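J.: Residues -8 to 99 in my numbering are what the sequence shown spells out, letter by letter.
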Amino acid sequence: DEETARLGATMREAMQAQQVQVAELQAEQEAALAKLRKEHAAQLAASEASALAKRDAERAVEAARLASLPPMIQNLIQASKLGRLDESAPTVQLLNDISVCLKNGTSR
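Here is the structure:
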């Protein structure tokens, strides 16, 4: 009958309106998620850039500190980094003995 048809049409319109609302909510949620992902990526990039800048600054300070040392000490540090001091224990012992004498102001 006519009443049932009107009721059916009203229900269809309500369902369609709900589907539109659901689609709009999903679109909003997807946009919000995309925004959060973008913000997270930006924060991550900033954090990585900060960490790299800090590392570079620390390396610059270390390089300046090493450059301020006498050339003999710089050479010993480089030899140590390359593992060459381990190859000559007697030389290392002699250098150690000399450095102790210099520190103590003695000749033996």
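Beta carbons: idealized from backbone N, C-alpha and C, even for Gly. This structure is a prediction, so every number in the text was calculated from the model and none was measured.
Could you round the C-beta distance between residue 57 and residue 68 to whole angstroms and report it? I think they count as a contact, below 8 Å.
T.: Residue 57 to residue 68, Cβ: 7 Å. Contact.
J.: Under 6 Å Cβ to Cβ from residue 70, same chain only, skipping five residues before and after it: list those, please.
T.: For residue 70, where only same-chain residues beyond five positions count, the Cβ hits under 6 Å are 76.
J.: Any chance you could list the alpha helix (DSSP H) runs of at least 4 consecutive residues sitting entirely within the region 16 to 95, in chain order?
T.: For the region 16 to 95, whole alpha helix (DSSP H) runs of length 4 or above, ordered along the chain, are 62 to 72 and 80 to 95.
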